[in-house]
Amino acid sequence: MTSLVRRWQTEEGDAYVVSLVRVVFGVFLLYSGWRELMILLGLTYFGDVFHLPIIPEALVPGRALFMTLALAQLALAVLIALGRFARPSLAVTSVVGIFMLLCDRLAYHNNRYALLLFSLLLAFTPCDKAFVWRRAPKTSHERRGPLWAARLAQAQMAIIYLASGGSKLLDTDWRDGRVIGDRLTRATMMAIGKGVPRALMEALSDPAVASALAKLAIGTELFLTIGLFLPRTRAFALWWGVMFHLTIEVTSQVELFTWLSLALYALFAVPALGERAVLYDPAGSWGSFVARAVRMLDWLARFEIRADPGAVAGHEFVIVDRDGTRAAGLLGVALIARATPLLFPLSIPLLVLARALSSEDARAAAC
Amino acid sequence: MLDPGVRGRTWFAGIYLIVQASLVLTAGLRPDGVFSFQMFNESSRILIALGRRVATPEGGTTVVPLEGEWETTGPSGAPLRFAWIDRIRDPILATIGRPMHASYGVAAQLFRLQKALDDMAEHLDGDRETRAIVADVRIWQNGRAPYEKRLESKPRFP
Numbered sequence: 001m002t003s004l005v006r007r008w009q010t011e012e013g014d015a016y017v018v019s020l021v022r023v024v025f026g027v028f029l030l031y032s033g034w035r036e037l038m039i040l041l042g043l044t045y046f047g048d049v050f051h052l053p054i055i056p057e058a059l060v061p062g063r064a065l066f067m068t069l070a071l072a073q074l075a076l077a078v079l080i081a082l083g084r085f086a087r088p089s090l091a092v093t094s095v096v097g098i099f100m101l102l103c104d105r106l107a108y109h110n111n112r113y114a115l116l117l118f119s120l121l122l123a124f125t126p127c128d129k130a131f132v133w134r135r136a137p138k139t140s141h142e143r144r145g146p147l148w149a150a151r152l153a154q155a156q157m158a159i160i161y162l163a164s165g166g167s168k169l170l171d172t173d174w175r176d177g178r179v180i181g182d183r184l185t186r187a188t189m190m191a192i193g194k195g196v197p198r199a200l201m202e203a204l205s206d207p208a209v210a211s212a213l214a215k216l217a218i219g220t221e222l223f224l225t226i227g228l229f230l231p232r233t234r235a236f237a238l239w240w241g242v243m244f245h246l247t248i249e250v251t252s253q254v255e256l257f258t259w260l261s262l263a264l265y266a267l268f269a270v271p272a273l274g275e276r277a278v279l280y281d282p283a284g285s286w287g288s289f290v291a292r293a294v295r296m297l298d299w300l301a302r303f304e305i306r307a308d309p310g311a312v313a314g315h316e317f318v319i320v321d322r323d324g325t326r327a328a329g330l331l332g333v334a335l336i337a338r339a340t341p342l343l344f345p346l347s348i349p350l351l352v353l354a355r356a357l358s359s360e361d362a363r364a365a366a367c
Numbered sequence: 001m002l003d004p005g006v007r008g009r010t011w012f013a014g015i016y017l018i019v020q021a022s023l024v025l026t027a028g029l030r031p032d033g034v035f036s037f038q039m040f041n042e043s044s045r046i047l048i049a050l051g052r053r054v055a056t057p058e059g060g061t062t063v064v065p066l067e068g069e070w071e072t073t074g075p076s077g078a079p080l081r082f083a084w085i086d087r088i089r090d091p092i093l094a095t096i097g098r099p100m101h102a103s104y105g106v107a108a109q110l111f112r113l114q115k116a117l118d119d120m121a122e123h124l125d126g127d128r129e130t131r132a133i134v135a136d137v138r139i140w141q142n143g144r145a146p147y148e149k150r151l152e153s154k155p156r157f158p
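So the sequence lines, in the order shown, correspond to chains A and B.
Under our numbering, think of the first position of the first sequence as 1, with each following residue one higher.
Under our numbering, think of the first position of the second sequence as 1, with each following residue one higher.
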């Protein structure tokens, strides 16, 4: 335990990924600030009508000051996205944003609060070492910095899962499937109205199905609390978490929470870059296509891409995984998917399919 | 300040985690559970029906149903118009006579509604008839059969 704490206190690594997360957060904060500004411009100022401040009423600013704060938030979001004064901007935007949340609990939303908490934690990471507007890229060595706050952000993610899953576990209505069942029943009526087959919707709204789904949701959140941190389960936990959040996104209105969670999942990636390789034969069209596709989709810079006809041993491309495992064909595509955000949802199905097929190609590729 | 030493990091992380854990563990102390990440805690719905408590000729009081607006005679004898949405703009609380999803749960919405009733009652300048604002709330708690609860603002005058 002591060594774990010591490692957390002193860990350093490449700040490439955390800088990329910062850019995404800049965009989120810009969107959030813009929405706040539109509300302020379009409606009666909340302070002039019924509102529920958490701070003393005397501290709730008037319209002009609140508008100034909202505009300042927008300006800070631009700086964060560009990487200029990004860390102080993250800290200030977080403090100001939480103050604005405290002015009216009617405007409180978990996702907005989470965005501000993670912004605060990002401010303590070396997130300004890459993706900085009009600044030449740094080398991997120059990008190194302490990652303790990135680990704290991971812990915050676990707190959210634990709080959400734990509260559902302690709630009989949730455990028994009553909450999900009621949501599904109401969605059923809407869905049937939109032409979804009645039989399918009736099956989904069956109390037994609802009960199973409730247990699955609770189990998922509690599993993610731990699974994301264990090396053996991390890849599956990330995939399962992505599926979980995407399901929530298409069935509920959660503002930015899905994209916020998915962006933070990048922090669970190993900080070191280029530990995997794509070796391809430039004479082959499929190998060249795979190399081009990986160049476009490798946002986390996981791969070193190399034209090396001698190393692909008769295949059009070969993937060399972090542990040195080599794979081609479908298994190779699965390994690419596992390390590229956009293809990540396909990674487990592809991996399962590749292994289940046990095709001649997959077996021969496992050199 | 954003680059604390090892000691500073440890203190920061310790305080941060204690604050977050405290906010989660004390969720039950806040009716709307703010800062505690209780996502999708209920699927409940509420339907708000409004009324005004006014005096009767017999010396008692009665509750007159409202559609959200009412008119009284002001001190100068001129008619005065009031509307629930003059003060209450929250999309859930401002919806009268139509079931709405009780975001963050029934307890959260009843807590907010009580505050809204009190706020409305405090902002009826010139209304010498309305003694209190009343809300009869029909509640479908997680899909169960509905039940009703009455909330009433603080009395405006005896």
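No residue lacks a Cβ here, since even glycine has one placed at the ideal position from N, Cα and C.
What residue range does the alpha helix (DSSP H) around residue i cover?
| i | result |
| --- | --- |
| PRO349 (chain A) | 344-357 |
| ASP118 (chain B) | 106-122 |
| GLU249 (chain A) | 231-251 |
| LEU264 (chain A) | 257-265 |
| GLU304 (chain A) | It is not in any alpha helix (DSSP H) - GLU304 (chain A) instead sits in the beta strand (DSSP E) that spans 303-307. |
| ASP136 (chain B) | Unbroken run through ASP136 (chain B) is the beta strand (DSSP E), 132-140; no alpha helix (DSSP H). |
| LYS149 (chain B) | Premise fails: LYS149 (chain B) lies in the beta strand (DSSP E), 147-152, not in any alpha helix (DSSP H). |
| VAL290 (chain A) | 285-297 |
| ILE85 (chain B) | 84-87 |
What does the alpha-carbon distance come out to for the pair residue i and residue j?
| i | j | result |
| --- | --- | --- |
| THR188 (chain A) | LEU37 (chain A) | 36 Å |
| THR220 (chain A) | PHE244 (chain A) | 8 Å |
| THR139 (chain A) | ILE305 (chain A) | 18 Å |
| GLU275 (chain A) | ASP321 (chain A) | 7 Å |
| VAL318 (chain A) | GLY332 (chain A) | 7 Å |
| LEU120 (chain A) | ALA13 (chain B) | 12 Å |
| ALA27 (chain B) | LEU74 (chain A) | 31 Å |
| PHE85 (chain A) | ALA136 (chain A) | 16 Å |
| GLY59 (chain B) | PHE82 (chain B) | 25 Å |
| GLY42 (chain A) | ALA217 (chain A) | 38 Å |
| ARG326 (chain A) | ARG302 (chain A) | 15 Å |
| VAL179 (chain A) | ASN41 (chain B) | 8 Å |
| ALA356 (chain A) | LEU228 (chain A) | 26 Å |
| LEU297 (chain A) | GLY33 (chain A) | 29 Å |
| LEU267 (chain A) | TYR108 (chain A) | 26 Å |
| LEU106 (chain A) | ALA70 (chain A) | 17 Å |
Span of the beta strand (DSSP E) holding residue i?
| i | result |
| --- | --- |
| VAL320 (chain A) | 317-320 |
| GLU12 (chain A) | 12-14 |
| GLY5 (chain B) | Segment: none, GLY5 (chain B) is in no beta strand (DSSP E) and carries neither H nor E. |
| LEU279 (chain A) | 276-280 |
| LEU228 (chain A) | Careful: LEU228 (chain A) lies outside any beta strand (DSSP E) and carries neither H nor E. |
| VAL254 (chain A) | Unbroken run through VAL254 (chain A): none, as it is neither H nor E. |
Once the 5 residues before and after residue i are set aside, which same chain residues still bring their CB inside 7 Å of it?
| i | result |
| --- | --- |
| ALA121 (chain B) | ALA132, ILE133, SER153, LYS154, ARG156 |
| ILE92 (chain B) | MET100, SER103, GLN109 |
| ALA81 (chain A) | VAL23, GLY26, VAL27, LEU30 |
| ARG198 (chain A) | ILE192 |
| GLY5 (chain B) | none |
Counting only the same chain and skipping the five closest in sequence on each side, list residues whose C-beta sits under 8 Å from that of residue i.
| i | result |
| --- | --- |
| PHE118 (chain A) | PHE25, ALA153, GLN156, LEU260, LEU264 |
| PHE344 (chain A) | LEU238, TRP239, VAL242, ALA337, ARG338 |
| LEU116 (chain A) | THR93, SER94, GLY97, ILE98, LEU101 |
To which residues of the same chain is residue i closer than 6 Å at the C-beta, ignoring the five residues directly before and after it?
| i | result |
| --- | --- |
| ILE88 (chain B) | ALA94, ALA116 |
| LEU351 (chain A) | ALA334 |
| HIS315 (chain A) | ALA328 |
| LEU18 (chain A) | The sequence shown places Val at residue 18 (chain A), rather than the Leu named in the question. Cβ neighbours of VAL18 (chain A) beyond the five flanking positions: THR125, CYS127, ALA150. |
| PRO309 (chain A) | ASP281 |
| THR62 (chain B) | THR56 |
| THR225 (chain A) | ALA158, TYR161, LEU162 |
| PRO146 (chain A) | GLU12 |
| LEU279 (chain A) | ARG306, ASP308, ALA311, VAL312, VAL318 |
| ARG53 (chain B) | THR61, VAL63, ARG131, ALA132, VAL134 |
| message | In chain order, what are the residue ranges of uninterrupted alpha helix (DSSP H) at least 4 long that sit wholly in the region 73-160 of chain A? | response | 86-102, 110-123
| message | Can you pull out the residues from the region 2-20 of chain B whose beta carbon lies closer than 8 Å to at least one beta carbon of chain A? | response | Within the region 2-20 of chain B, the residues whose Cβ lies closer than 8 Å to some Cβ of chain A are LEU2, ASP3, PRO4, VAL6, ARG9, THR10, PHE12, ALA13, TYR16, LEU17, GLN20, listed in chain order.
| query | At a Cβ cut of 7 Å, what residues of the region 15-45 of chain A count as close to chain B, listed as they run along the chain? | reply | LEU43, THR44
| Which residues, taken in chain order from the region 130-150 of chain A, show a beta carbon closer than 7 Å to some beta carbon of chain B? | TRP148
| message | To be precise: take each residue of the region 60-84 of chain B, compare its Cβ to all Cβ atoms of chain A, and keep it if any distance is under 9 Å. Which residues remain? | response | none
| query | In the region 340-354 of chain A, which residues sit with their C-beta less than 7 Å from some C-beta in chain B, listed in chain order? | reply | none
| field | Start-end ranges of the beta strand (DSSP E) lying completely within the region 40-70 of chain A, minimum 3 residues | value | none
| task | Taking a Cβ distance cut-off of 9 Å, strictly less, list which residues of the region 200-218 of chain A are near chain B, in chain order. | result | ALA217
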